[in-house]
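Once you know that position 459 of the sequence shown is 459 in full-length UniProt numbering, the rest is easy, because the numbers rise by one and skip nothing. The structure appears right after this line, and notes come after that.
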Amino acid sequence: MTTDRAPAPGAPAAPATATSASASAASATSASASAASASADFADALREAARIAVLSPSSHNCQPWAVAWARSEVSRAAAARVVEGEAGASGVSRVAEGPGGGRGDGADEAYQYLVLGLDRDRELRSLPAHAVEMLLSCGLYWQLLLRALEAQGWSVDALRFADGPLDPGAVRGAELPGTSWPRSWTALCVARLRGRAGAGAEARGAAGGEVGSGAQDGGAELRTLRAAARARRTNRAPYRPQPVRPALLDGLLVPSGCAAARGADVTVRHLTSGADRDAFADFVAEHGGRDFSHREAWRETYAFLRADRAEAAARGDGFALDQLFGPLSWPSRQALRAALAPATMRLLAPVGYDRFVGRRLAHGLARMVRPTPAVVAMSFDRTEPTLADAVKGGARLADYWLCATAAGLALHPVSIVLQHEDLRTAFQSSLRIPGRAFFVSRLGLPVTEFPRSPRRPAVAHLRRI
């Protein structure tokens, strides 16, 4: 055996030392190549996950979510500090521990860091309740993204949610100092992910590449998730009147407990009795037209109404009129756009036109609600939820909606009863909904398919920092 020693001054380097240097260089090169390969694999997996996550629902189909992938040394270090700097604090959700105890730093290429953000350029602002809706929308997207990454071999190792209460009308998230974080984005959550052995093969297998037996399971899981995401949509058509099987409803009550939905303090209640459903329909008939008398709220809603599906597809957001009112001829579509225009509402408000339109549409919605076999209501357990509660609530909703879709059920949110504080408290009181309600929807078997809402390109929501 020989021991490597530093050479004496003026003496030539020992052959063993040269060999060690060569080995070190080779090791560094190998590590660099391995890190580059892992980064490329994650980039592929992230793009595929984004194509699935972009199918998530959002208020007015505004798609306010944004995700940054920390790639620079500064950004990775900042993300690592966010995740590990306050380990054990209430905002840290420890999901899984890796071989090294679950700790990572920005220099460890075994980890990848993603940051969920709210794009303030795309958020709704006209009502205080929209602050909750925007966070729910981001949570829905985040859950689908993380589940799609998990299906490709990239597991969530830890999550760190932004601290603080949920202030109505003003979402204040975390900041990542020293990074190229976009100014219009508000950071909501940082995820640290670690790839399983063969994660790259799993991603390639899901895309149709050659994989081993372990990758095939990941591919099947991803295909199932993708199919559910594509089938899921807001279905405003009538539902069949027959009751939803109790066993199926009970199954929907069980939380997945995975990814961002872990630790979500959410209560789910199904209203199935005739008395409860009638009470809800009556409530909708009386109050469902409130937005038409709220000028700012209706102006914001109208901004997302597209003349037809072609315009909606070109814009990639909002919804076409026939998605709300059924098939329309061109003259009917133009007449309806003029009748609903904010300028028309304002001009004819002195004669009660806004209230007239509101009553007509509220009664129409109530007629749709009344025969629906079930209504689902979700609420935060806390009456004053935190920002983290709202994002987790969106994640819980994502799991619920996907499970319902897989069972052949459809949902049609009736958000108006929650968007004004007095209506929300009255709704909760009349139907004995605990906590702070954040979602209410028709639930049942649809009599017909409904068109999918348009989406912006999946990559439009991603950025490297």
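Note that the Cβ used here is the ideal one computed from N, Cα and C, for glycine as well.
In chain order, Ala-362, Leu-365 and Ile-416 place their CB closer than 6 Å to the CB of Gly-288, counting only its own chain and leaving out the 5 sequence neighbours on each side. Taking Thr-448 as the centre and dropping the five residues before and after it, the same chain places the C-beta of Ala-237 closer than 6 Å to its C-beta, in chain order.
Across the set Arg-233, Ala-285 and Thr-386, the C-alpha of Thr-386 shows the shortest separation from the C-alpha of Pro-165. A straight-line Cα-Cα distance of about 33 Å links Glu-150 and Leu-418.
Beta-bridge partners of Thr-267 (DSSP): Ser-379.
The residue from Met-345, Cys-189 and Leu-324 with its alpha-carbon nearest to that of Asp-389 is Cys-189. Fewer than three pairs of CB atoms, one per stretch, sit closer than 8 Å, so the stretch 338–353 makes no contact with the stretch 271–291.
DSSP places Cys-62 outside any alpha helix (DSSP H), giving it a letter other than H or E.
For Phe-439, the uninterrupted beta strand (DSSP E) segment begins and ends at 436–444. Distance between Ala-297 and Leu-253, taken at the CA atoms: about 33 Å. Contact fails between the stretch 311–321 and the stretch 66–73, because fewer than three Cβ pairs, one in each stretch, are under 8 Å apart. For Trp-142, the uninterrupted alpha helix (DSSP H) segment begins and ends at 130–150. A Cβ-Cβ distance of about 7 Å is found for the pair Thr-272 and Pro-373, placing them in contact under the 8 Å criterion. The alpha helix (DSSP H) runs of length 4 or more contained entirely in the stretch 235–262 are, from start to end of the chain, 246–252.
Apart from sequence neighbours up to five positions away, the residues of its chain that approach Ala-338 with a beta-carbon distance below 7 Å are Thr-344, ordered along the chain.
Counting along the chain, Pro-413 sits inside the beta strand (DSSP E) bounded by residues 410–413. For the pair Ala-395 and Gly-444, the CB atoms are not nearer than the 8 Å cut-off. A Cβ-Cβ distance of about 6 Å is found for the pair Ser-137 and Ser-59, placing them in contact under the 8 Å criterion.
The beta-bridge partner set that DSSP reports for Trp-154 consists of Gly-195. For Gln-419, the three-state secondary structure derived from DSSP is coil. The C-beta distance from Leu-140 to Trp-185 rounds to 17 Å, too long to meet the 8 Å contact threshold.
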